[in-house]
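What follows is a single structure, written as structure tokens, with notes after it.
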Amino acid sequence: MRILEGGAEIISGAMRPHAELEAMLSARGWKRRVLNQLEQVSAFVAGSEGAREALARVHRRAAVEAWTADMPVLRQARALSTQRERLTRLARQRLDTLTVAPPDVTLEEALTRLEALLRQPVSQALKEGEVLVFESDHGRSKQPGPGVGGSNVPTPYLLMLPLVILTFILLMASGARELGAAFLGLFIGGSLLWPLLRSGRVRITSERLLWSPVFGEAQAVRLDSIADDGVHLDRSQFDLEVKGDRRLRARSVPNPLRLMLTLELHRQPPLLGAARSGVQLEDVALFPAKMGDAEGVCVLRPHALAFIPDRRGPQALQAVTGKPTSLNGFEADWVLEALRWLPAAEFDASVSRVVKATGGLAWAAGDAHFVPGLPVWLAIRIRRGEQVLLGRAEWLYIAAAERLLQGWRKRPELPPPA
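Numbering (our numbering), first residue to last: 6 to 423.
Structure representation (structure tokens):
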């Protein structure tokens with residue numbers, strides 16, 4: 006009986022801490038409240054084993070001795086059990102906002118992980134040795150995007166625009182010009198303000214994906230913790246959700262297609278961690294080129310060149326990662342540009358795989374030669390027998406192309422032996 010009385014005291018004493026913790030996690034500013042009362046959370050976890058054991062003893066004895074439902078200690082035990090179930094669901098929900106919470110995580114495990122995550126706030130500053138790989142701009146990219154018809158404008162804006170124009174015309178035609186002007190002004194103001202409120206800065210570094218919203222807390226997820234199914238883009242709003250060691254939700258991300266591709270490349274080998282050196286391969290030039298009727302991109306190296314046809318972006322990505330991809334609508338030059346973070350030998354090996362996967366071609370420097378003439382920013386001609394590659398260097402690669410092409414000049418023919 007003394008054991009039962011001791012269990013009843015433990016159960017009775019546990020009711021209040023459970024109620025206080027439930028109120029803390031239910032509050033609107035629950036993160037701040039938990040941070041301010043971390044010792045209380047730790048004490049709850051430390052003392053919860055006694056409460057669990059007391060509940061188990063009471064329920065076990067009630068089943069063996071067929072207690073009636075109105076027995077005080079059994080009523081209290083059932084009330085605490087119900088409270089713990091409610092609190093467990095709440096703790097899982099709160100944990101799931103910060104990371105992926107397993108459905109079978111216990112109350113104590115959820116609280117311990119919550120405490121650990123909240124004790125380590127996300128730093129927006131890059132750590133020592135952390136290298137910036139990608140940073141979104143705040144303008145709409147001119148490149149194709151994942152929206153309707155390959156646009157970089159969220160779907161709701163495209164759908165609303167015809168309706169707004171029609172409403173404005175009807176109001177103006179009916180004589181309600183002031184109302185029409187006010188309606189148009191509200192729409193324009195809302196269209197400018199709403200994206201600003203949802204906007205932020207997305208960065209990919211050598212270690213993590215970082216989201217810094219205009220309003221709200223910074224979020225980050227380690228690249229090496231992102232699973233193959235851990236990245237999802239809402240194509241209607243351009244909202245990005247990433248699941249890894251933490252959960253990241255970025256809203257209205259600019260240039261979502263370039264972001265998704267860069268993330269796909271740097272979260273897995275061979276590019277995972279490759280940017281830690283902070284050095285990109287220099288003796289390479291990428292430029293738009295044409296081989297016969299086929300247009301594409303040329304990868305110029307001191308010893309060889311590769312030509313990748315257009316509309317082969319997904320094949321190039323799959324050749325690099327070795328995994329199928331659902332991304333589309335991008336060209337191979339984005340993939341090839343990212344490969345510059347690799348050492349020279351790995352870069353060449355990856356380009357060779359891309360050539361094979363895309364139906365491109367490769368020439369060795371000894372089999373082809375550069376035909377000098379116009380400046381490289383106007384035209385580049387490289388000949389191999391009857392085949393001619395035509396291209397031109399864009400401003401980013403003009404210096405590299407000029408330097409590399411010096412080694413591609415035709416060598417003077419040796420005189421025949423006497």
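No residue lacks a Cβ here, since even glycine has one placed at the ideal position from N, Cα and C.
Per-residue DSSP class, three states only, for M29: The sequence position of residue 29 within the sequence shown is 24, counting from 1. M29: helix per DSSP, three-state reduction.
Paired residues, beta bridge with G297 - DSSP: The count along the sequence shown starts at 1 and reaches residue 297 at position 292. For G297, which the question treats as bridged, DSSP gives no partner whatsoever.
7 Å Cβ shell around S217 - same chain, five flanking residues per side excluded: Residue numbering aside, residue 217 sits at position 212 when the sequence shown is read from its first letter. Answer for S217: Q129, G205, R206 and A223, listed in chain order.
For R240, the nearest candidate out of D298, E399 and N333 (CA to CA): For this step, residue 240 is matched to residue 235 along the sequence shown. Checking every option, the nearest Cα to that of R240 belongs to N333.
Spatially closest choice to R281 from I15, I231 and W346, by CA coordinates: Here residue 281 refers to the residue found at position 276 of the sequence shown. Nearest of I15, I231 and W346 to R281, Cα basis: W346.
Endpoints, the alpha helix (DSSP H) within which S53 is located: Reading the sequence shown from its first residue, position 48 is the one you call residue 53. Looking at the DSSP string, the run of the alpha helix (DSSP H) that includes S53 is L43 to E70.
Same chain only: Cβ atoms within 7 Å of E351, ignoring 5 sequence neighbours per side: Taking the first residue of the sequence shown as position 1, residue 351 is located at position 346. Once the five neighbours on either side are set aside, the close Cβ partners of E351 are P275.
Rounded C-alpha distance that separates V381 from L322: As a position in the sequence shown, residue 381 is number 376, starting the count at 1. As a position in the sequence shown, residue 322 is number 317, starting the count at 1. V381 and L322: Cα-Cα distance of roughly 28 Å.
Every unbroken beta strand (DSSP E) within the stretch 297-352, with a cutoff of 3 residues, ordered by chain: 299-305 and 309-314
Close-in-space but distant-in-sequence residues of the same chain around G364 (CB under 8 Å, 5 per side omitted): Working through the sequence shown from its first residue, we reach residue 364 at position 359. Here the set comprises P314 and R317.
Cα-Cα separation between T210 and L344, rounded to whole angstroms: Position 205 of the sequence shown holds residue 210. Position 339 of the sequence shown holds residue 344. Computed Cα separation, rounded: 15 Å.
Anticipated Cβ contact below 8 Å, V4 with A225, distance rounded: Nothing in the structure corresponds to residue 4, since the chain is present only between 6 and 423.
DSSP three-state assignment for R251, whether helix, strand or coil: By 1-based counting over the sequence shown, the position of residue 251 is 246. Reduced to three states, the DSSP call for R251 is coil.
Between the CA atoms of E342 and G283 - distance to the nearest angstrom: In the sequence shown, residue 283 corresponds to position 278, counting from 1. In the sequence shown, residue 342 corresponds to position 337, counting from 1. When rounded, the distance between both Cα atoms is 15 Å.
Selection from L119, S357 and L253 that minimises the alpha carbon distance to W35: For the purposes of this step, residue 35 is taken as the residue at position 30 of the sequence shown. Of L119, S357 and L253, the residue nearest in Cα terms is L119.
contact_flag[the stretch 74-91, the stretch 37-48] where n(CB pairs < 8 Å) is 3 or more: no
Closest residue to W368 among S53, F312 and L95 (Cα-Cα distance): Here the question's residue 368 lines up with position 363 in the sequence shown. It is F312 whose Cα lies nearest to the Cα of W368.
Length of the line joining the Cα atoms of N157 and L268: Translated into the one-based positions of the sequence shown, residue 157 becomes position 152. Translated into the one-based positions of the sequence shown, residue 268 becomes position 263. A caution first: N157 carries a pLDDT of 47, below 50, which makes its placement in the model too unreliable to give a value.
Own chain partners of A232 with C-beta closer than 8 Å, once the 5 adjacent residues on each side are dropped: Along the sequence shown, read from residue 1 onward, the residue named residue 232 stands at position 227. Here the set comprises K248 and G249.
Assigned exposure category for N260 - 16 Cβ within 10 Å defines buried: Here residue 260 refers to the residue found at position 255 of the sequence shown. That one is buried.
Rounded straight-line distance, which links the Cα of I403 to that of R377: For the purposes of this step, residue 377 is taken as the residue at position 372 of the sequence shown. For the purposes of this step, residue 403 is taken as the residue at position 398 of the sequence shown. The question names Arg, yet the displayed sequence has Pro at residue 377. In a straight line, the C-alpha of P377 is about 15 Å away from that of I403.
Spatial neighbours of L410 in its chain, beta-carbon cut-off 6 Å, leaving aside the 5 residues before and after: Indexing the sequence shown from 1 puts residue 410 at position 405. Correct list, in chain order: F375.
Which listed residue (L286, L305, D288 and Q285) has its alpha carbon closest to that of A294: Position 289 of the sequence shown, counting from 1, holds the residue named residue 294. Considering only alpha carbons, the answer is L305.
V118 - containing alpha helix (DSSP H), residue span: For the purposes of this step, residue 118 is taken as the residue at position 113 of the sequence shown. Inspection of the sequence shows that residue 118 is occupied by Arg rather than by Val. First-last of the alpha helix (DSSP H) with R118: L112 to R124.
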